[in-house]
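In the numbering used here, the protein residues as written are 21 to 320. Yeah, the Cβ is synthetic: ideal placement off N, Cα and C, and Gly gets one too. Note that the structure is a prediction, hence the values are computed from the model and not measured.
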Amino acid sequence: MRAVVIILTSFLVLFLAACNSSEQNKVQEEASPDLVEEQPNDKTGEEKQESNSEESPTETEEPIEDDSEEELGVDEEVTAQYRVSENWSLVPIEEGTNENVVLLTIDDAPDQYALEMAKILTELDADAIFFVNGHFIDTPEEKEVLKQIHEMGFEIGNHTYSHVNLKSIENNPEKQREEIVQLNDVIEEIIGERPKFFRAPHGVNTDTSKKIVEEENMVLMNWSYGYDYFTPYMDKEKLVTAMVTGEGPEVDVPYSLLKPGANLLMHDREWTKEALKEIVIGLREQGYEILDPRLIETSK
Ligand SMILES: [Zn+2]
Numbered sequence: 021m022r023a024v025v026i027i028l029t030s031f032l033v034l035f036l037a038a039c040n041s042s043e044q045n046k047v048q049e050e051a052s053p054d055l056v057e058e059q060p061n062d063k064t065g066e067e068k069q070e071s072n073s074e075e076s077p078t079e080t081e082e083p084i085e086d087d088s089e090e091e092l093g094v095d096e097e098v099t100a101q102y103r104v105s106e107n108w109s110l111v112p113i114e115e116g117t118n119e120n121v122v123l124l125t126i127d128d129a130p131d132q133y134a135l136e137m138a139k140i141l142t143e144l145d146a147d148a149i150f151f152v153n154g155h156f157i158d159t160p161e162e163k164e165v166l167k168q169i170h171e172m173g174f175e176i177g178n179h180t181y182s183h184v185n186l187k188s189i190e191n192n193p194e195k196q197r198e199e200i201v202q203l204n205d206v207i208e209e210i211i212g213e214r215p216k217f218f219r220a221p222h223g224v225n226t227d228t229s230k231k232i233v234e235e236e237n238m239v240l241m242n243w244s245y246g247y248d249y250f251t252p253y254m255d256k257e258k259l260v261t262a263m264v265t266g267e268g269p270e271v272d273v274p275y276s277l278l279k280p281g282a283n284l285l286m287h288d289r290e291w292t293k294e295a296l297k298e299i300v301i302g303l304r305e306q307g308y309e310i311l312d313p314r315l316i317e318t319s320k
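Structural data, given as structure tokens:
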């Protein structure tokens, strides 16, 4: 079954490589606004997670084998074991649950690299949430890519229709509703279910958008840390080091943001795709399990 999916997606990659060259500019445009706006969030994560610092796992701990993951079918319901905390990390609901987990998230998908990233993660048996934008799924080819990623078993989240800064349309509740609900409608049409998770572009939420997210039965989620949208880390080796250590000294984060339950932000970008395999391996080597998003408590 998985082999069939991989073969199919290989064809799709070839097909899309031919179609996507005109979209090159989109990537560059997307990268820059995040530079400024997403930075403050890292600081917030650090401040609020300071109390967890003594709980960091050491290399002596055995990596946790996640056998249960492989046995879960794509649409199978599972009991929630983690919830999203106030600082967006993932914490066990009950005592005795492994707290040394990290959540992988890929934003601004599916642009040019999401499908390849999904294939890399599948080979590593690592789960992730792909937060998608409506303007990346408005052609039949793009819809097909989203469908493939979902069928590979990945969670699909809502990242607004047009990657708008919700603050900029704060006085227009209808427009905010459109940005969020319309995307859920489109995603449901393609994959047969509505997203359970929402992440606002630049991590900027408004009172109205929070209400809409709740009405749509989605869980709001920013992130703990991410570095691929900062110029110094738009490089495979530097990004691997930053993500695996949690440190970003070149963007004023000389300390580690890697803590149990860390919610890791990455994007559909070339350097992130190149770094992805080593990021997953590096995190696992430190004793972290890559969390299956289906184990996160949702509204419904
Ligand atoms: Zn984004």
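- Ligand 1 never approaches Asp288 closely enough for any of its heavy atoms to be under 7 Å from the residue's Cβ.
- Spatial neighbours of Val224 in its own chain (CB-CB distance under 6 Å, excluding positions within 5 residues in sequence) are listed in chain order as Asn185, Leu186, Lys187.
- In the three-state reduction of the DSSP assignment, Pro130 falls in the coil class, being assigned neither a helical nor a strand state.
- Leaving aside the five residues that flank Ser182 on each side, the residues in its chain whose CB is nearer than 6 Å to its CB run, in chain order, His155.
- Residue range 256 to 265 is occupied by the alpha helix (DSSP H) that includes Met263.
- Within its own chain, the residues whose Cβ lies closer than 7 Å to the Cβ of Ile211, once the five positions on either side in sequence are excluded, are Leu166, Lys167, His170, Ile176, listed in chain order.
- Pairing Tyr133 with Arg304 gives a Cβ-Cβ distance that is not under 8 Å.
- Nearest to Glu194 by C-alpha distance, out of Thr226, Gly173, His222, is Thr226.
- Judged by the Cβ position, Asp128 qualifies as a neighbour of ligand 1 at the 7 Å threshold, a heavy atom of the ligand being closer than this.
- Three or more beta-carbon pairs separated by less than 8 Å link the stretch 275 to 287 to the stretch 234 to 248, which places the two stretches in contact.
- Here DSSP, grouped into helix, strand and coil, assigns Arg289 to coil.
- Rounded to the nearest whole angstrom, the CA to CA distance from Pro280 to Asn237 is 26 Å.
- Straight-line spacing of the CA atoms in Asp127 and Gly116 works out to 31 Å.
- With fewer than 16 other Cβ atoms from the protein chains shown falling within 10 Å of its own Cβ, Asn192 counts as exposed.
- Comparing C-alpha distances from Met254 to each of Asp131, Thr292, Ile113 shows the shortest one belongs to Thr292.
- Measuring C-alpha to C-alpha distances from Thr261 to each of Glu234, Glu298, Lys231 identifies Glu298 as the nearest.
- Looking at the DSSP output, Val300 bridges to nothing.
- Taken through DSSP and simplified to helix, strand or coil, Glu114 comes out as coil.
- At a threshold of 7 Å, Pro221 counts as near ligand 1, since its beta carbon sits closer than that to one of the ligand's heavy atoms.
- Our two residues, Tyr308 and Asp131, have alpha carbons roughly 28 Å apart in a direct line.
- Taking 8 Å as the cut-off, the beta carbon of Phe174 is found no closer than this to the beta carbon of Phe151.
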